[in-house]
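Presented below is the structure to which this report refers.
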């Protein structure tokens, strides 16, 4: 039988009882005859606790030392889970990033995996041991500990599955799969049995919090099937896999939203080359990520209005940078709105079906929701709307695209 | 200027405030121009918390995984102390056992250091960085994490000082040095300015809890001077160093005691070769350390009474093993006494002075303290007495050998 990589998130290993429960799940899979690598996160709350400790100590904690600090969370979990497995008679071996050789670049706190040495893992499997791997962490060529950023354990798991040629990467979490929309907002939300990598990528980056975007990129690149399942029920699950003709029948697979957005508009900037760079270079230098950007040329053809969105957290900082620039830009005014949200529809079927965007716009307009900005890609349409209408918008679109039913045509 | 190794124990880094305080102490030394390696323990209570977690999870936690677990305590401290140093403008780099190359054997939970690679430390010094080293931990040739046992950070510090050829190893703790006896028992206890390695070794193994025995062995072997000082006062300190003629003038340097002893006596065993092995092999196989052993041949010359001491913790287990053996041994009876304690005098001056032991015995007898067992070495005399007399015994001997005054002749 083949290799299976399992990943358990922080809430799945959040107490000694839960660790024992997970050990039993792993043991069951092991006894079926699989070679198993289990990737675990820190016990829920632990990473935040460590970050708080650093922030209470230092106004801006050193990033290298931050990674030395927070990587202890996963180290604790792998030790405990390995103990629990051994108590069940399952041979197990905890493995840290440096012990395996999970090589990353040296971008502390948001490192990227360069490659993974499989020799230690293969020795572990050969010895019939379960490899219990610390997620979220890696090691640089100079033996510095790195971490992969929030949700990085997903990426660890998928990357391991990729290099090992695993038959499946199982991501165990506190939800039982990926839904057509947030079930907390819309009671007609339906769990998707399958979803393509591209759709999952869009959904992850548009606000669905099931998987880290980077992990889906990895899975797509190496064609690793990812099964998202609940730790505590056997039912359900969503398989993220290669796109096939069956998936295209579904025009829209899911509705996502992101409330963590704010809008800034610069009115009447001169419409000449280099203006965009003048605005966005200082923002990027201040580590502010800009999401959507829209520019309209005004009637005189010489001036433009430029709008863009940033996260709500970065809003104040971005506003003050842009206001300082407005003189240089010859801008008439700078106006901001932190009360917006982004509503998106995602589906590979859009490629082959016309009228999807216009159906979205008309559905929103019918209930009086004004669209402030629009951004599209091959498989998604995003609209910026007033934050207070976001739940209504999700429900309206869910119904318009008949997502409560499977395999709907336009 | 030379290299200085400093070690701060758990109580010295037990809170963020204390870590900042320690960072300031290190910074001061650094600015004097020294190359500095700082070895730290886990924040006080953390190691115990981790051990409790493992014991709550598993009836007998796997030793390899135990070391993966408990070594996180020091990892947290080195990250935090490095952050605090950088905030003071002092370049610093945290270093784990595997990053330096602190090679140990694979005796998990009680590993011994084999050697230490100095190249990373020398690079750190060359870059004018303080090396902030995780105490207590090492790495095997198969890249498994090990720990050195209770108090192991002392050994880490002394071993580093040895391989680096440091001019001094400073051990910062919550007491300001080594005393002639426990100041909690005897208000005339006097702090020793200097003590020889051999005396410190005897005192450490006889119950004084200032330094781990193994660290003193290292210091003696590599001739590393150890200064034991209080973290929170600048005064005081005891230097453990090579013996010199000045030290010999002091006949007795200190009085120690150990209440964690229990006595077992086997009455009327046959006095023939192999009997001792028959008794002590099974005890050793059950991981019971035997301290003192005394055998008296009885009047008929064919039978002997054999007494030995074990820790109070091992007493019940040892009694049951010995009772099972008593048939085989043809012993008349086995009697035990868990209410004893060991009282010792230590001093290199004993080598050149007669009558030290007899003065000890007569002083104890004068106040009615009965001596149950005696054990001597070149520089110490130990007596087993009734536990309830131990404090009295310490005070009587402290006065008899005039330890409240320095440089006393017999």
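Chains as they are written, first to last, in the working numbering: chain A, 1 to 410; chain B, 1001 to 1410.
Every residue gets a Cβ at the ideal spot worked out from N, C-alpha and C, and that includes glycine.
Fair warning: this is a prediction, and the values are worked out from it, not measured in the lab.
For residue 91 (chain A) and residue 1118 (chain B), I'd like the C-alpha separation in whole angstroms.
Start at 1 with the first residue of the first chain, and residue 91 (chain A) comes out as number 91. Start at 1 with the first residue of the second chain, and residue 1118 (chain B) comes out as number 118. Their Cα atoms are separated by approximately 36 Å.
Under a CB-based cut-off of 8 Å, is residue 1087 (chain B) close to chain A?
Taking the second chain and counting its residues from 1, one reaches residue 1087 (chain B) at position 87. So, interface residue.
Which residues share a DSSP beta bridge with residue 37 (chain A)?
Sequence index remark: in the first chain, residue 37 (chain A) carries index 37 (1-based). DSSP output for residue 37 (chain A) lists A:5, A:131 as bridge partner(s).
Inter-residue Cα distance where the pair is residue 1426 (chain B) and residue 1370 (chain B)
Missing from the structure shown is residue 1426 (chain B); chain B here goes from 1001 to 1410 and no further.
Looking at residue 1145 (chain B): is its Cβ nearer than 8 Å to the Cβ of residue 1071 (chain B)?
Within the second chain, numbered from 1, the residue matching residue 1145 (chain B) stands at position 145. Within the second chain, numbered from 1, the residue matching residue 1071 (chain B) stands at position 71. Going by C-beta atoms, residue 1145 (chain B) is nearer than 8 Å to residue 1071 (chain B).
So for residue 1303 (chain B), helix, strand or coil by DSSP?
One-based indexing of the second chain puts residue 1303 (chain B) at position 303. If DSSP states are grouped into helix, strand and coil, residue 1303 (chain B) belongs with the strands.
Three-state class that DSSP yields for residue 238 (chain A) in the structure shown:
The residue given as residue 238 (chain A) occupies position 238 in the first chain. For residue 238 (chain A), the secondary structure class from DSSP, reduced to helix, strand or coil, is strand.
Do residue 266 (chain A) and residue 7 (chain A) have their beta-carbon atoms positioned less than 8 Å apart in this structure?
Here residue 7 (chain A) corresponds to residue number 7 of the first chain, with the count starting at 1. Here residue 266 (chain A) corresponds to residue number 266 of the first chain, with the count starting at 1. Result no, Cβ atoms of residue 7 (chain A) and residue 266 (chain A) do not sit closer than 8 Å.
Per the contact definition of three or more C-beta pairs closer than 8 Å, is the region 21-36 of chain A in contact with the region 184-195 of chain A?
no
Could you tell me the alpha carbon to alpha carbon distance between residue 1235 (chain B) and residue 1286 (chain B), rounded to whole angstroms?
Numbered from its first residue, the second chain carries residue 1235 (chain B) at position 235. Numbered from its first residue, the second chain carries residue 1286 (chain B) at position 286. The alpha-carbon atoms of residue 1235 (chain B) and residue 1286 (chain B) are separated by roughly 45 Å.
Taking its Cβ as the centre, do 16 or more other Cβ atoms sit within 10 Å of residue 1127 (chain B), making it buried, or is it exposed?
Position 127 of the second chain holds residue 1127 (chain B). Per the 10 Å Cβ criterion, exposed.
Once you ignore the five residues that flank residue 352 (chain A) on each side, which residues in its own chain have a CB closer than 7 Å to its CB?
Position 352 of the first chain, counting from 1, holds the residue named residue 352 (chain A). Cβ within range, chain order: 248.
I'd like the list of long-range same chain contacts for residue 254 (chain A), defined as Cβ closer than 8 Å, with 5 residues on each side in sequence excluded.
Mapped onto the first chain, residue 254 (chain A) falls at position 254. So the list reads 178, 179, 180, 181, 192, 195, 199, 203, 208, 345, 346, 347, 403, once near-sequence residues are dropped.
Beta carbon proximity, residue 10 (chain A) to chain B, threshold 8 Å
Within the first chain, the letter at position 10 stands for residue 10 (chain A). Cβ-Cβ to chain B under 8 Å: no for residue 10 (chain A).
Which of the three DSSP states, helix, strand or coil, is assigned to residue 1308 (chain B)?
The residue you call residue 1308 (chain B) lines up with position 308 of the second chain. Note: residue 1308 (chain B) maps to strand in three-state DSSP.
For residue 65 (chain A), decide whether its Cβ has a neighbour in chain B, counting only Cβ atoms nearer than 8 Å.
Against the first chain, residue 65 (chain A) aligns to sequence position 65. With 8 Å as the cut-off, residue 65 (chain A) counts as an interface residue toward chain B.
If the criterion is Cβ atoms closer than 8 Å, does the pair residue 1318 (chain B) and residue 1359 (chain B) meet it?
Numbered from its first residue, the second chain carries residue 1318 (chain B) at position 318. Numbered from its first residue, the second chain carries residue 1359 (chain B) at position 359. Cβ atoms of residue 1318 (chain B) and residue 1359 (chain B): not closer than 8 Å.
With respect to the beta strand (DSSP E) encompassing residue 1078 (chain B), which residues constitute its N-terminal and C-terminal limits?
Start at 1 with the first residue of the second chain, and residue 1078 (chain B) comes out as number 78. Per DSSP, residue 1078 (chain B) lies in no beta strand (DSSP E); the unbroken alpha helix (DSSP H) holding it starts and ends at 1072-1087.
Check the DSSP bridge columns for residue 1270 (chain B) and list the partner residues they point to.
As a working note, residue 1270 (chain B) is residue 270 in the second chain. DSSP output for residue 1270 (chain B) lists B:1303 as bridge partner(s).
Within-8 Å CB hit, residue 231 (chain A) to chain B
Within the first chain, the letter at position 231 stands for residue 231 (chain A). Interface criterion not met: the Cβ of residue 231 (chain A) is under 8 Å from no Cβ in chain B.
At a Cβ threshold of 8 Å, is residue 79 (chain A) touching chain B?
By 1-based counting over the first chain, the position of residue 79 (chain A) is 79. It does: the Cβ of residue 79 (chain A) has a partner Cβ on chain B nearer than 8 Å.
Where residue 159 (chain A) and residue 116 (chain A) are concerned, what is the direct C-alpha to C-alpha distance, given to the nearest angstrom?
Along the first chain, one-based indexing puts residue 159 (chain A) at 159. Along the first chain, one-based indexing puts residue 116 (chain A) at 116. Distance between the alpha carbons of residue 159 (chain A) and residue 116 (chain A): 8 Å.
Does the distance from the C-beta atom of residue 290 (chain A) to that of residue 329 (chain A) stay below 8 Å?
Taking the first residue of the first chain as 1, we reach residue 290 (chain A) at position 290. Taking the first residue of the first chain as 1, we reach residue 329 (chain A) at position 329. No, the Cβ-Cβ distance between residue 290 (chain A) and residue 329 (chain A) is not below 8 Å.
Hey, quick one: how far does the beta strand (DSSP E) through residue 1227 (chain B) stretch, first residue to last?
As a first step, residue 1227 (chain B) must be located in the second chain, where it is residue number 227. Residue 1227 (chain B) -> beta strand (DSSP E) spans 1226-1230.
So, are the CB atoms of residue 67 (chain A) and residue 155 (chain A) less than 8 Å apart?
Here residue 67 (chain A) corresponds to residue number 67 of the first chain, with the count starting at 1. Here residue 155 (chain A) corresponds to residue number 155 of the first chain, with the count starting at 1. No, Cβ-Cβ distance for residue 67 (chain A) and residue 155 (chain A) is not below 8 Å.
Could you confirm whether any beta carbon from chain A is found closer than 8 Å to the beta carbon of residue 1075 (chain B)?
Against the second chain, residue 1075 (chain B) aligns to sequence position 75. Chain A, which has a Cβ nearer than 8 Å to the Cβ of residue 1075 (chain B), makes this yes.
Once DSSP output is grouped into helix, strand and coil, what is the label at residue 392 (chain A)?
For this step, residue 392 (chain A) is matched to residue 392 along the first chain. Note: residue 392 (chain A) maps to helix in three-state DSSP.
What is the rounded straight-line gap between the Cα of residue 334 (chain A) and the Cα of residue 1075 (chain B)?
Against the first chain, residue 334 (chain A) aligns to sequence position 334. Against the second chain, residue 1075 (chain B) aligns to sequence position 75. Their Cα atoms are separated by approximately 48 Å.
CA-to-CA distance, residue 1292 (chain B) to residue 93 (chain A), given in whole angstroms:
Stepping through the first chain from its first residue, residue 93 (chain A) is reached at position 93. Stepping through the second chain from its first residue, residue 1292 (chain B) is reached at position 292. Cα to Cα, residue 93 (chain A) sits roughly 40 Å from residue 1292 (chain B).
Give me the Cβ distance between residue 46 (chain A) and residue 73 (chain A), rounded to the nearest whole Å; I'm assuming they're in contact under 8 Å.
Reading the first chain from its first residue, position 46 is the one you call residue 46 (chain A). Reading the first chain from its first residue, position 73 is the one you call residue 73 (chain A). About 4 Å; that satisfies the 8 Å criterion.
Which residues in chain B have a C-beta closer than 7 Å to the C-beta of residue 98 (chain A)? List them in chain order.
Stepping through the first chain from its first residue, residue 98 (chain A) is reached at position 98. Result: 1098.
Starting from residue 385 (chain A), trace the beta strand (DSSP E) both ways and give me its first and last residue.
What you label residue 385 (chain A) is simply residue 385 of the first chain in a count that begins at 1. First-last of the beta strand (DSSP E) with residue 385 (chain A): 380-386.
Over what stretch of residues does the beta strand (DSSP E) that includes residue 1138 (chain B) continue unbroken?
As a working note, residue 1138 (chain B) is residue 138 in the second chain. Run containing residue 1138 (chain B): 1137-1139, per the beta strand (DSSP E) assignment.
Could you tell me whether any Cβ in chain B is nearer than 8 Å to the Cβ of residue 83 (chain A)?
As a working note, residue 83 (chain A) is residue 83 in the first chain. Yes, because at least one Cβ of chain B sits closer than 8 Å to the Cβ of residue 83 (chain A).
Kindly say whether residue 1410 (chain B), judged by its beta-carbon, lies nearer than 8 Å to any beta-carbon of chain A.
Here residue 1410 (chain B) is taken as the residue at index 410 of the second chain, counted from 1. Below a pLDDT of 50, predicted positions are generally treated as unreliable, and residue 1410 (chain B), at 35, falls in that range; no measurement from the model is reported.
Rounded to whole angstroms, what's the CA-CA distance from residue 1216 (chain B) to residue 122 (chain A)? Just pull it up for me.
Reading the second chain from its first residue, position 216 is the one you call residue 1216 (chain B). Reading the first chain from its first residue, position 122 is the one you call residue 122 (chain A). Whole-angstrom Cα-Cα distance: 42 Å.
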